[in-house]
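Single-structure report; data block below.
Protein chains: 4
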Amino acid sequence: MDKKIPVAILGATGSVGQKFIELLKDHPWFEIAALCASERSAGKPYHEAANWFQASELPKHIGEMIVQPCEPSVPGRIVFSGLDSSVAGEIEQAMAKAGKIVVSNSKNHRMHDDVPLLVPEINADHLALLKKQAFGDGMIVTNPNCSTIGLVLALKPLVDAFGVREVSVVTMQALSGAGYPGVASLDIIDNAVPYIGGEEDKIETEPLKIFGDLINDHVEPAVMNISASCNRIAVVDGHMECVSVRLGRQASAKEIIEAWEDYRAEPQEMGLPTAPGRPVHYHREEHYPQPRKHRMLDKGMAVSIGRLRECSILEWKFTLLSHNTIRGAAGGALLNAELMVEMGLV
Amino acid sequence: MDKKIPVAILGATGSVGQKFIELLKDHPWFEIAALCASERSAGKPYHEAANWFQASELPKHIGEMIVQPCEPSVPGRIVFSGLDSSVAGEIEQAMAKAGKIVVSNSKNHRMHDDVPLLVPEINADHLALLKKQAFGDGMIVTNPNCSTIGLVLALKPLVDAFGVREVSVVTMQALSGAGYPGVASLDIIDNAVPYIGGEEDKIETEPLKIFGDLINDHVEPAVMNISASCNRIAVVDGHMECVSVRLGRQASAKEIIEAWEDYRAEPQEMGLPTAPGRPVHYHREEHYPQPRKHRMLDKGMAVSIGRLRECSILEWKFTLLSHNTIRGAAGGALLNAELMVEMGLV
Amino acid sequence: MDKKIPVAILGATGSVGQKFIELLKDHPWFEIAALCASERSAGKPYHEAANWFQASELPKHIGEMIVQPCEPSVPGRIVFSGLDSSVAGEIEQAMAKAGKIVVSNSKNHRMHDDVPLLVPEINADHLALLKKQAFGDGMIVTNPNCSTIGLVLALKPLVDAFGVREVSVVTMQALSGAGYPGVASLDIIDNAVPYIGGEEDKIETEPLKIFGDLINDHVEPAVMNISASCNRIAVVDGHMECVSVRLGRQASAKEIIEAWEDYRAEPQEMGLPTAPGRPVHYHREEHYPQPRKHRMLDKGMAVSIGRLRECSILEWKFTLLSHNTIRGAAGGALLNAELMVEMGLV
Amino acid sequence: MDKKIPVAILGATGSVGQKFIELLKDHPWFEIAALCASERSAGKPYHEAANWFQASELPKHIGEMIVQPCEPSVPGRIVFSGLDSSVAGEIEQAMAKAGKIVVSNSKNHRMHDDVPLLVPEINADHLALLKKQAFGDGMIVTNPNCSTIGLVLALKPLVDAFGVREVSVVTMQALSGAGYPGVASLDIIDNAVPYIGGEEDKIETEPLKIFGDLINDHVEPAVMNISASCNRIAVVDGHMECVSVRLGRQASAKEIIEAWEDYRAEPQEMGLPTAPGRPVHYHREEHYPQPRKHRMLDKGMAVSIGRLRECSILEWKFTLLSHNTIRGAAGGALLNAELMVEMGLV
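Chains as they are written, first to last, in this note's numbering: chain A, 6 to 351; chain B, 6 to 351; chain C, 6 to 351; chain D, 6 to 351.
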């Protein structure tokens, strides 16, 4: 690539926006051309507008960029959106109409018929839906919810090898999933909260579209029965999920672990810069995976799985972990954009 | 009661032992006659031998009691045992042979054929097993594991009203369940651990004995399929559990909630001092129950339930919470002893 | 007392307001006649208007009280104010003008010339300032900031016995001091914050008024040099403070500890219901005091001190702990009101 | 450097030992030739012997290295010691006698007359003490305690520019400073501990040696009055310290900040691989520095300072933060070794 592709970040001051900056600041293909946020922030240098709460240092030249309003005239061929869902719908539509490639982490367009809900390792072929979009040069692509992504990456090798018919999942989700300021400290120190608004519905429905078959430029949802219970716990980053599954055919533990460990897909074959070396790591230690130890595996883009054992109600149970703001948000969107570049869509 | 019944506490310096002291220090029926612990502690004043880490103050006169070794000659008609399972087996046997009423929180004798695994609200009739014990005046009674008790109290009204055939449970368990020093802070701050040794087996098997039928002085285990996944999270006290159930017959949400709210049993009718006013509290707020807010309901002896909703795999799912060192350990044992007094066994 | 005195709570839905409810719900002298809050909450049942986040249960009859706006017409002779300082100034003035006895925890009037900054153990005589207030039957009395109160209670016995000339204090303050939602969990899990807006100024100035001499109905500030550094840490309740002092005359460790342990004042002598049995507890264990273990000593109204040792720069150093929302807020205000009742001012 | 220098790690399974591995695994000058630990671990593959609790992945080839006993025959010219002080004394002596260059993080030899207590930015000249050591080719060099290092790096520019006469410091120290398992979670969740055994003495005495003058191959301790209070809080990594100082001559805030920001020393000039670009970062945001946000600045080797303001008792106060297991332990030792290589001592 001779010259880097200019990109804009929408919602740049927020939690996901900050993660986009972290992942894009040294990116080999993309360079940040614009940081966009609400009217309240627009016009200020970024370091003033944002309460930077990442553990890495904010690069000085980015801190001094002037925040722009979220308008279609911003520079950048690709627009990464970390906007709040209360405003993402309209702004993303306007951007697409203006010819931008909108790569969004917001929930607004995920379930639209003509919008790919894209996980490059799973359904790269769903990009064919873009043909149906009526934005001219512009387009909208989305990535799944932060609690969905770990689950579908763990299920994909099982879907391919054995089929998956039923999934029961209980999550223990990290605080960064609620954005900033998000969860009040008084609600979570020495405590846990057994409810996250809208989350269970997302885990129960998004996988059906992701695993759906593309038939005549239409995604036919997969048939899979998913039941979810979502909890918030005192962890900064990294969603943990206890999963039970009923497969489509008999399998041994050995076969299942091999399916996970052998799993490679387009992003690995293409060598996309943000792709994990291995999408799934299986840990044999009985007390693994753990958020603080494994969330950063493969740059935060891999899913860690452990504790595969038989389930007396469904057939198998295991625990998974994935980084909710990297693989589950900014990193996932970035991988989508990289796939689109590699496939000649940008 | 004219005169209080003298009791001894085994393992008095440990986590459960300290809870026994807290609950017994102002008890209307019992008075602490002896504090027993390992040879290392014996001979020292209690306040020196123990690292008292309860939030309440250690009463001065108890702090000054001299710790005794765990020998059958200790004073006290009832012996509460919070011993580590590595030593509980032998010591409790010796105590029973010496004529003591051993009310144990340890796992060692729980599954023995002639030992009641007692939950006063559920299976008071199992005390009939005592006839089969060969200890003369002595006897051994046990209470279930700290993660089992919340589950069986939540299930009991459903068992009675509708039957329960399948149970899938994922726990988020508190740190105090691991004793002291227990879980290292480096293992749990900004982290969670998806494994607790031996715990899943206990939740999957103990309820079958507790719900078992007493037939000819023998407990015939209930038929119920339970699958458990146990996790440790950064909460001091209070085990939370996400439960899904398949019932024996159709029921509405209204019927289920009524079954919980109407649930009363022997301990409530007898007015036992440590009995909760209501064994089960159902919370209608969608983000309840929570450990820090609800663990102390009804003196830490009640189970809090919330979020009843349909489950697409089994039939219903809900979240429960119970205090693991009160209802799940010392308080549960104490209630067992109170029941035995009231039934004339002491 | 034949009949309980009706009281109103201003800011009843907030953090301090909830603590007022907890402490007043079974009070022997007072009964809650009105719960007042902002227009947004007014008209709703309290359990709907407030997000009750205390560990104790909200009594049903209080949960069903209809929240009223903060208007002078509310019932109640005494008005406890837990209002935010952005509105407390005007509302408290209006209440006093309407003849209410305003017992406030807000900072707005603390440093006013004619307003007692009252700590019943220290400066009950400052109530003479009330003569100068021009509210007719009404009056305003305040209690100090949550980080000041522990410090002045620890210093008072030293002031009396030896004099105190210099004080260096570094605080580690609890999350509840910031109200609700207050500190974001992402800012405090695995973290600490070395700044609390306005706090250092309060600790450096309020003690001068509290220890001031009443001369001709005027408080002449004490001469004492205080330097403070304030930090927020991941503790729910209980402010810890590392203090170094230079005394007015030489003293031994033994004398200092005796001064603390012998310390009793009006509230103890009068037997006020909320008064701690002993205002100061000295702990000899080298790793005490600790927030979770000692904040509830004497119903959360006592100060715990430990680690007295020589300081090579000033003369002595020690660590103190006090409960910031009980002794440092609602409980402190309540004790003020009890003192006023006992002194015939109500 | 044509060929990497082989090094051994003593205490390789422990907390500091693991950090040594993390920092050495891709080091440009050194390569790990031996992992040594207690007899209990010796003979096992490292991944079995150690409970690896770092957030980074353990490289496979290191996990498969066989742990050796801590004997002088181990390969490696340099020996990094993260041994527990109960055994470090003897083992390190034996290693030095066998001709090894012992670069130790243990406290045992720090205050010995002929052992440099080395901070490369401050007292590189103290390496002259090595002449007095009687180990032949072998030698022992130490780095200071994890709470001392941040303090001396922050003071050094002030010592040079203005002189420092008095220092009052209150620490809030991270859990990793206590090793593993170290602090029990029940002692620190929703809690803080106002005591760390031996720590205050170390902060009060080590700086005097570090800032001491080298006169005739002897270090004459600096004259500086330091008073310390040490606390443990619920932070994983990163010690925070509230510091007040009296300088040797008047200085303005601007001058002090410039002294910090301009501070560079030998490690920066030599470009040592582990040296921070800038030893001290001054933050202008009033709520900085914070452990989670700033501990990793400059690879965890820099000290962050903020909140410089006047102190009414001494003259200036500020807050500092440094990474206790990197700059304060393994990274500090590594920088010592790099300095020695660059100075031709290896």
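Ideal placement from N, C-alpha and C gives every residue a C-beta, glycine not left out. These numbers come from a predicted model, not from an experiment.
{"Query": "Inter-stretch contact at 8 Å, needing at least 3 Cβ pairs: the stretch 106-120 of chain D / the stretch 27-34 of chain D", "Result": "no"}
{"Query": "Cβ-based contacts, 7 Å cut-off: residues of the stretch 173-197 of chain B near chain C", "Result": "I194 and D195"}
{"Query": "Under 8 Å between C-beta atoms of E5 of chain C and S249 of chain C", "Result": "The structure shown has nothing for residue 5 of chain C, since chain C only spans 6 to 351."}
{"Query": "Distance between K322 of chain C and G155 of chain A (C-alpha atoms, nearest Å)", "Result": "52 Å"}
{"Query": "Beta-carbon spacing of N148 of chain C, G243 of chain C below 8 Å", "Result": "no"}
{"Query": "Reduced DSSP category for K322 of chain A - H, G, I as helix; E, B as strand; rest coil", "Result": "strand"}
{"Query": "Beta bridge counterpart(s) of C247 of chain A as assigned by DSSP", "Result": "A:V175 and A:T324"}
{"Query": "When C:M100, C:L219, C:E260 and C:G182 are compared against N128 of chain C, the one with the closest alpha-carbon", "Result": "C:L219"}
{"Query": "Min CB distance K65 of chain D to chain A below 8 Å", "Result": "no"}
{"Query": "C-beta contact flag for I14 of chain D and F58 of chain D at 8 Å", "Result": "no"}
{"Query": "Straight-line gap, I201 of chain C to F216 of chain D (C-alpha atoms, nearest Å)", "Result": "34 Å"}
{"Query": "Test: A239 of chain A CB closer than 8 Å to a CB of chain C", "Result": "yes"}
{"Query": "Three-way DSSP call (helix, strand, coil) for N236 of chain B in this model", "Result": "strand"}
{"Query": "Residue burial classification, L325 of chain D (beta-carbon count within 10 angstroms, cutoff 16)", "Result": "buried"}
{"Query": "Closest by C-alpha distance to A3 of chain A, when choosing among A:L63, A:I96, A:I83 and A:P199", "Result": "Residue coverage of chain A in this structure runs from 6 to 351, which leaves residue 3 of chain A outside it and unanswerable."}
{"Query": "Partner residues on chain B for F58 of chain D, Cβ-Cβ distance less than 8 Å", "Result": "L191 and D192"}
{"Query": "Neighbour flag for M301 of chain C against chain B, beta carbons, 8 Å", "Result": "yes"}
{"Query": "CA-to-CA distance, E274 of chain C to G336 of chain C, given in whole angstroms", "Result": "18 Å"}
{"Query": "Residue from A:R283, A:G81 and A:V72 with nearest C-alpha to A159 of chain A", "Result": "A:R283"}
{"Query": "Span of the beta strand (DSSP E) around Y185 of chain C", "Result": "Premise fails: Y185 of chain C is in no beta strand (DSSP E) and is neither H nor E."}
{"Query": "Extent of the continuous beta strand (DSSP E) to which T147 of chain B belongs", "Result": "M144 to T147"}
{"Query": "For C75 of chain D, three-class secondary structure by DSSP", "Result": "coil"}
{"Query": "Residue-level contact to chain A via CB, K298 of chain D, 8 Å cutoff", "Result": "yes"}
{"Query": "Alpha carbon of R251 of chain A to alpha carbon of L319 of chain B, nearest angstrom", "Result": "13 Å"}
{"Query": "DSSP beta-bridge partners of S86 of chain B", "Result": "B:L15 and B:S109"}
{"Query": "Backbone secondary structure at Y51 of chain B - three-state DSSP", "Result": "helix"}
{"Query": "Secondary structure of E315 of chain B, DSSP reduced to three states", "Result": "strand"}
{"Query": "Whole-angstrom distance between E225 of chain C and F167 of chain C, CA atom to CA atom", "Result": "20 Å"}
{"Query": "Burial state of Q23 of chain D, where buried means 16 or more other Cβ atoms lie within 10 Å", "Result": "buried"}
{"Query": "Where E3 of chain D sits in the DSSP three-state scheme", "Result": "For chain D, the structure presents residues 6 to 351; residue 3 of chain D sits outside this window and is missing."}
{"Query": "Under the three-state DSSP convention, the category D206 of chain C falls into", "Result": "helix"}
{"Query": "Beta carbon proximity, R269 of chain C to chain D, threshold 8 Å", "Result": "no"}
{"Query": "Closest residue to G81 of chain A among A:C41, A:G94 and A:P50 (Cα-Cα distance)", "Result": "A:C41"}
{"Query": "Any chain D beta carbon closer than 8 Å to E62 of chain A", "Result": "yes"}
{"Query": "Selection from C:N56, C:H52, C:E76 and C:E347 that minimises the alpha carbon distance to L277 of chain C", "Result": "C:E347"}
{"Query": "Top-ranked residue by Cα proximity to K161 of chain B, from B:G203, B:L191, B:K214 and B:N196", "Result": "B:K214"}
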